[in-house]
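What follows is a short report on a single structure.
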Amino acid sequence: MAIVFDRSNLNRVVDRTDVLEIIPNQWGLINEMGIFTDRYQSQKTIEIVREFDQQSIAVDRNWDERNSAVGPLTRDSLLLKVPHFPMDDAITPNDIDGIIAVDNVSDAINLETVAGVRLKKMERLRKTHALTLEAARAQLITTGTVYAPTGTLRSGAVATTNYYTEFGVTRTEIPVTLVGATDPRTQFENVLSGIQDGYQSGAIMSGYMVLCSPTFFAALWTNPFVTDAVKYFQQAQSLSILTGRPQAAGLDARYRSLTLWGLTFVEYRGGYRLGGQAGTFVPYIPAGDAYAFPMGTDDLFETYYAPANRFGSVNRTAQGSYWFEYMNEKDDIIEIMTEQNFLNALLHPQAVVRLYLA
Numbered sequence: 011m012a013i014v015f016d017r018s019n020l021n022r023v024v025d026r027t028d029v030l031e032i033i034p035n036q037w038g039l040i041n042e043m044g045i046f047t048d049r050y051q052s053q054k055t056i057e058i059v060r061e062f063d064q065q066s067i068a069v070d071r072n073w074d075e076r077n078s079a080v081g082p083l084t085r086d087s088l089l090l091k092v093p094h095f096p097m098d099d100a101i102t103p104n105d106i107d108g109i110i111a112v113d114n115v116s117d118a119i120n121l122e123t124v125a126g127v128r129l130k131k132m133e134r135l136r137k138t139h140a141l142t143l144e145a146a147r148a149q150l151i152t153t154g155t156v157y158a159p160t161g162t163l164r165s166g167a168v169a170t171t172n173y174y175t176e177f178g179v180t181r182t183e184i185p186v187t188l189v190g191a192t193d194p195r196t197q198f199e200n201v202l203s204g205i206q207d208g209y210q211s212g213a214i215m216s217g218y219m220v221l222c223s224p225t226f227f228a229a230l231w232t233n234p235f236v237t238d239a240v241k242y243f244q245q246a247q248s249l250s251i252l253t254g255r256p257q258a259a260g261l262d263a264r265y266r267s268l269t270l271w272g273l274t275f276v277e278y279r280g281g282y283r284l285g286g287q288a289g290t291f292v293p294y295i296p297a298g299d300a301y302a303f304p305m306g307t308d309d310l311f312e313t314y315y316a317p318a319n320r321f322g323s324v325n326r327t328a329q330g331s332y333w334f335e336y337m338n339e340k341d342d343i344i345e346i347m348t349e350q351n352f353l354n355a356l357l358h359p360q361a362v363v364r365l366y367l368a
């Protein structure tokens, strides 16, 4: 520790510690899982085209009859605008004038620099964009809607794009009883069948994931049928489930998980709190809910990126995010302009099943 003057008595000195930073938890499970396929486009409007096939079974004919024919393919399309998410900041002389760089006490005698301030602002802006992307993807999974809270995608009375509405399908919602003597296996079988029937892409699935709110996951692993099933048939999980700390299935240790009856349940306590510690916490998974979907697919969740609205970017392949910086002619401000332009898509909305505690 460094010795510095006592602020309350300049005739004395004190030992000064490194700066203790209080940083809100940054949850990013959905981004980390890699279930979204990133598509970098060159335009700000996306057309999603669906082609409908139909099954045919040949029937026998007399030898002199004409052959049967398969039915025609049909198509429809959906035009969608890519939302624009700018986030700006600036560096002014006041950010460095007489300001001590105190990230580390060994540097306490050094003054702040433009490069140091830029690095801090860049880190915070990157966190903001990552948080925005995670929140937008969580909204897509839980509601089937595109994140555009200010109404830039509003069409009449519809606030934003809803893929269930646009594709004319209804989400499967299954009440699950996890208290008392009710065996939940039948309800979880309905989850599997709902996903399999809803995911009509011809793709092969590698597994089934269920993102759970803390209340749903707590009810799950304290259910007596779950406890018995794990104890007798899955010895590797038995100790952790009985001690209340299931393993994390290869994910960050913050995420408890349990694999049972063909489903992998993962607890997701993530969310965000705007306005500091006094702000309201908004969970990514609503209390009492869980959302199931197939894994190992590449056409269920997609994110389309559009280029920045600048001469050097238009009509060119987009980047995931943009950073622009300008010094003004008066030499008194450095403008920082960042943006992400993305549209999350749920291409088979009927393959996402909502579970909720009954």
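Quick note on the numbering used here: the sequence shown kicks off at 11 and runs consecutively.
A virtual CB, placed ideally from N, CA and C, is assigned to each residue, including glycine.
inquiry  = Counting beta carbon pairs with one atom in the stretch 137 to 156 and one in the stretch 92 to 101, are three or more of them shorter than 8 Å?
reply    = Taking 8 Å as the limit for Cβ pairs, the verdict is that the stretch 137 to 156 does touch the stretch 92 to 101.
task = Would you list, in sequence order, the uninterrupted beta strand (DSSP E) runs of no fewer than 3 residues that lie entirely inside the stretch 180 to 235?
result = Fully enclosed beta strand (DSSP E) runs of 3 or longer: 183 to 186 and 217 to 222.
ask   = At which residue ranges does the stretch 59 to 113 contain complete beta strand (DSSP E) runs of 3 or more residues, listed in the order of the chain?
value = Here the runs fully enclosed are 84 to 91 and 94 to 101.
Proximity to Phe334 [Cα-Cα], best of Leu163, Gly286, Arg320 and Asn354 = Checked all of Leu163, Gly286, Arg320 and Asn354; the closest Cα to Phe334 is Arg320.
key: C-alpha distance - Thr160 paired with Leu356, whole-angstrom precision   = Spanning the alpha carbons of Thr160 and Leu356 requires a straight line of approximately 21 Å.
key: Closest Cα partner of Ala302 within the set Ile45, Gly286 and Leu135   = Closest option to Ala302, Cα to Cα, is Ile45.
Nearest-angstrom Cα separation, counted from Leu121 out to Ile110 = Cα to Cα, the separation comes out at about 4 Å.
Leu143 in three-state terms, based on DSSP = If DSSP states are grouped into helix, strand and coil, Leu143 belongs with the helices.
ask   = Does DSSP put Ile346 in a helix, a strand or coil?
value = In this structure, Ile346 counts as strand in the three-state DSSP scheme.
key: Selected residue, minimal CA-CA separation from Ile417, among Ser211, Ala148, Ile151 and Gln287   = Outside the displayed range of the chain (11 to 368) lies residue 417, so it cannot be described from this structure.
query = Buried or exposed: where does Pro359 fall if 16 or more other Cβ atoms within 10 Å of its Cβ makes it buried?
reply = With 16 or more neighbouring CB atoms inside 10 Å of its own CB, Pro359 falls in the buried class.
task = Kindly indicate the opening and closing residues of the beta strand (DSSP E) around Leu163.
result = Taken as a continuous stretch (DSSP letters only), Leu163 belongs to no beta strand (DSSP E), as it is neither H nor E.
ask   = What is the residue span of the alpha helix (DSSP H) that Leu39 lies within?
value = The continuous alpha helix (DSSP H) containing Leu39 extends over residues Leu39 to Met43.
task = Kindly confirm or deny that the stretch 211 to 228 and the stretch 265 to 281 touch, where touching means at least three C-beta pairs closer than 8 Å.
result = Under the 8 Å Cβ criterion, the stretch 211 to 228 counts as touching the stretch 265 to 281, having at least three qualifying pairs.
request  = Name the residue from Asn325, Tyr282, Thr269 and Ala145 whose alpha carbon lies nearest to the alpha carbon of Met219.
outcome  = Among Asn325, Tyr282, Thr269 and Ala145, the Cα nearest to that of Met219 belongs to Thr269.
ask   = How big is the Cα-Cα spacing for Thr84 and Glu133?
value = Going by the C-alpha atoms only, they are around 48 Å apart.
Meets three-Cβ-pair contact criterion under 8 Å: the stretch 300 to 317 and the stretch 49 to 59 = Yes: at least three Cβ pairs fall under 8 Å.
inquiry  = Quick check: His139 and Thr348, are their CB atoms within less than 8 Å of each other?
reply    = A contact, by the Cβ cut-off of 8 Å.
query = What's the C-alpha gap between Asp193 and Gly217?
reply = Across the structure, Asp193 and Gly217 are spaced so that their CA atoms are roughly 22 Å apart.
inquiry  = DSSP three-state label for Ser248, please.
reply    = Residue placement at Ser248 is flagged as unreliable, the pLDDT there being 48, under the threshold of 50; the coordinate-derived value follows with that caveat. Taken through DSSP and simplified to helix, strand or coil, Ser248 comes out as helix.
ask   = By how many angstroms is the C-alpha of Gly212 removed from the C-alpha of Glu42?
value = The straight-line gap separating the alpha-carbon atoms of Glu42 and Gly212 is approximately 26 Å.
message = Any heavy atom of the ligand FMN closer than 7 Å to the beta-carbon of Phe198?
response = With respect to small molecules bound, the structure shown includes none, and the ligand FMN cannot be examined in it.
task = Report the rounded CA-to-CA distance for Asn400 versus Asp86, giving the unit in angstroms.
result = Beyond the ends of the chain as shown, which are 11 and 368, falls residue 400; an answer cannot be given.
ask   = Near Asn19, which residues of its chain fall below 8 Å by C-beta distance, leaving aside the five closest residues on each side in sequence?
value = Contacts found: none.
task = Pull up the distance between the alpha-carbon of Pro103 and that of Asn338, whole angstroms please.
result = Between the C-alpha atoms of Pro103 and Asn338 there is a straight-line separation of about 12 Å.
ask   = In whole angstroms, what separates the C-alpha of Pro234 from that of Cys222?
value = Each residue's alpha carbon lies about 18 Å from the other.
task = Can you give me the Cβ contacts of Asn35 inside the same chain, cut-off strictly under 7 Å, excluding the 5 residues immediately before and after it?
result = Scanning its chain for C-beta atoms nearer than 7 Å, with the 5 sequence neighbours on each side dropped, one finds no residue around Asn35.
inquiry  = Please list the terminal residues of the continuous beta strand (DSSP E) segment that includes Phe291.
reply    = Counting along the chain, Phe291 sits inside the beta strand (DSSP E) bounded by residues Phe291 to Pro293.
CA nearest to the CA of Ile58, picked from Trp73, Leu89, Thr47 and Trp37 = Per the Cα distances, Leu89.
Local conformation of Ala239 per DSSP, three classes = Helix, per DSSP.
ask   = Which whole-angstrom value is the C-beta distance of Arg22 and Val14, which I expect to be below 8 Å?
value = The C-beta separation of Arg22 from Val14 comes to about 10 Å, leaving the pair out of contact by the 8 Å criterion.
ask   = What did DSSP end up calling Arg128 once you bin it into helix, strand or coil?
value = Arg128 carries a helical assignment under DSSP once its states are collapsed to helix, strand and coil.
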